[in-house]
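Trainee: Quick note: the sequence shown uses our numbering, first residue 1099, plus one each step. Idealized CB from N, CA, C, for every residue including glycine. Please read these numbers as outputs of a predicted model, since none were measured by experiment. Take a look at this one; I'll ask things after.
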Amino acid sequence: MEVQNNFRSKIRGFFTKMRIFINSFNGFLFHSLYCKFSNNTKNYKKVIINSNVNYYEKTCIALIDSLVKYGVKKDDIILMVGGFSKIEKFYYHGVESYFLDNNTIDFTAFIGVLDLELTNSVDYFFYIHDTTVINSKKFTNVFYKYPVKKQHAYSIGTFISMNIGFYSKESLIKNKTLIMSAKNTDYSRQGVYNSKVLGFEMEDAIFKNSFKYRKTIFLGYSFPIVNKTIYVGQERIEENFKYLGILKYKANSDHVGKYKITLTD
């Protein structure tokens, strides 16, 4: 029995490696050919940045500058800042921005999209964290040229993707009950902590709840390149999603896969 299990394990490992290789090659072809020659820019898209009152002034200017540097128009960026008593529109470094009446960690921006009824005017949203920086035009190519479709939600890989990815307006409307159920208006330390725990449990929930329509931008790119670094005065883990041109700075993980909940991420 043990021999059979070892054999099956080796077979599964072989096919997993083959699948990763094939899909990585598909990702290479996508960037080499499709994004280079495609003019698929007709759908109305926005980058939505998820942030909060305690963090946006520390991190968002670097992200906005990097988006603009690599070709994303400021008119195509929306900043969502959680942690306020009411919704209020403002402009941050020339970008349309909103103070929101919720602080729901990773779900803050999704709730903002629904509360503001942005699905009436925007077809697709590329959701991204304030603790990210763009480092190549690959992101711009994906944002403007990736062949997104109605109903679909596109994660950045087959792995847990921290909710980062493309969301059609249909996928957000379909999951409205799920999204709004997480809305947190308790700004006490315990309230924010509880929301973060829930957000940790609900990571990629919109993708999972839309499994029939879930797609991935790069099926074979299962893990980012990981390095330790200092970011905004804190030791963090830098994850380099090289096929997307995204650097993500994480405070809640390390190289051995241990996780903790903090209030500063």
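1) Would Y1291 and G1263 be called neighbours here (beta carbons separated by less than 8 angstroms)?
2) Grab the span of the alpha helix (DSSP H) containing E1268 for me, first residue to last.
3) In whole angstroms, what is the alpha-carbon distance linking V1210 and I1328?
4) Taking only three categories from DSSP, how would you classify M1278?
5) Which same chain residues, not among the five before or five after R1117, have their C-beta less than 6 angstroms away from its C-beta?
6) Strictly by DSSP, which residues pair up with L1214?
7) Using the Cα positions of L1296 and A1251, report the straight-line distance between them to the nearest angstrom.
8) How about the stretch 1144-1157 and the stretch 1172-1180: do they share at least three Cβ pairs that are nearer than 8 angstroms?
9) Under a three-way DSSP split, which group does S1164 fall into?
10) If we count Cβ pairs, one from each stretch, closer than 8 angstroms, do we get three or more for the stretch 1204-1218 versus the stretch 1253-1270?
11) Within a Cβ cutoff of 6 angstroms, which residues of the same chain sit near Y1190, ignoring the five residues on either side of it in sequence?
12) Compute the Euclidean distance between the alpha carbons of M1278 and K1294, then round it to the nearest angstrom.
13) Could you pull out every residue in the same chain whose Cβ sits closer than 7 angstroms to the Cβ of N1307, ignoring the five residues on either side in sequence?
14) For V1330, which beta-bridge partners are listed by DSSP?
15) Which residue from E1299, K1348, V1231 and Y1341 puts its Cα closest to that of R1334?
16) Would you call the stretch 1234-1242 in contact with the stretch 1182-1198, where contact means no fewer than 3 C-beta pairs closer than 8 angstroms?
17) Within the same chain, show all residues whose beta-carbon is closer than 6 angstroms to that of S1234, passing over the 5 residues directly before and after it, in chain order.
18) Tell me which residues share the same chain as V1220 and place their Cβ nearer than 6 angstroms to its Cβ, disregarding the 5 neighbours each side in the sequence.
19) Can you check which of these residues, N1261, I1232 and S1253, is closest to F1205 by C-alpha distance?
20) Rounded to the nearest angstrom, what separates Q1288 and I1162 at their Cα positions?
21) Could you check if D1228 is buried or exposed, using at least 16 other CB atoms within 10 Å of its CB as the buried criterion?
22) Which class does F1205 belong to by DSSP, given the choice of helix, strand or coil?
Mentor: Let me lay it out:
1) no
2) It spans K1267 to K1272 - the alpha helix (DSSP H) in which E1268 sits, taken as one unbroken run.
3) A quick correction: the sequence has Gly, not Val, at residue 1210. Answer to the nearest angstrom: the Cα atoms are 30 angstroms apart.
4) Of the three classes helix, strand and coil, the one that applies to M1278 here is helix, per DSSP.
5) Model confidence at R1117 stands at a pLDDT of 49, short of 50, so the residue's coordinates are unreliable and nothing is read from them.
6) Looking at the DSSP assignment, L1214 forms no beta bridge with any residue, so it has no partner.
7) Those two C-alpha atoms are separated by around 21 angstroms.
8) yes
9) helix
10) The stretch 1204-1218, when compared against the stretch 1253-1270, does touch it at the 8 angstroms Cβ threshold.
11) Closer than 6 angstroms at Cβ, skipping near neighbours: L1177.
12) 15 angstroms
13) N1273 and L1276
14) As computed with DSSP, V1330 is found in no beta bridge at all.
15) K1348
16) no
17) G1343
18) Y1142 and K1144
19) Of N1261, I1232 and S1253, the residue nearest in Cα terms is N1261.
20) 31 angstroms
21) buried
22) helix
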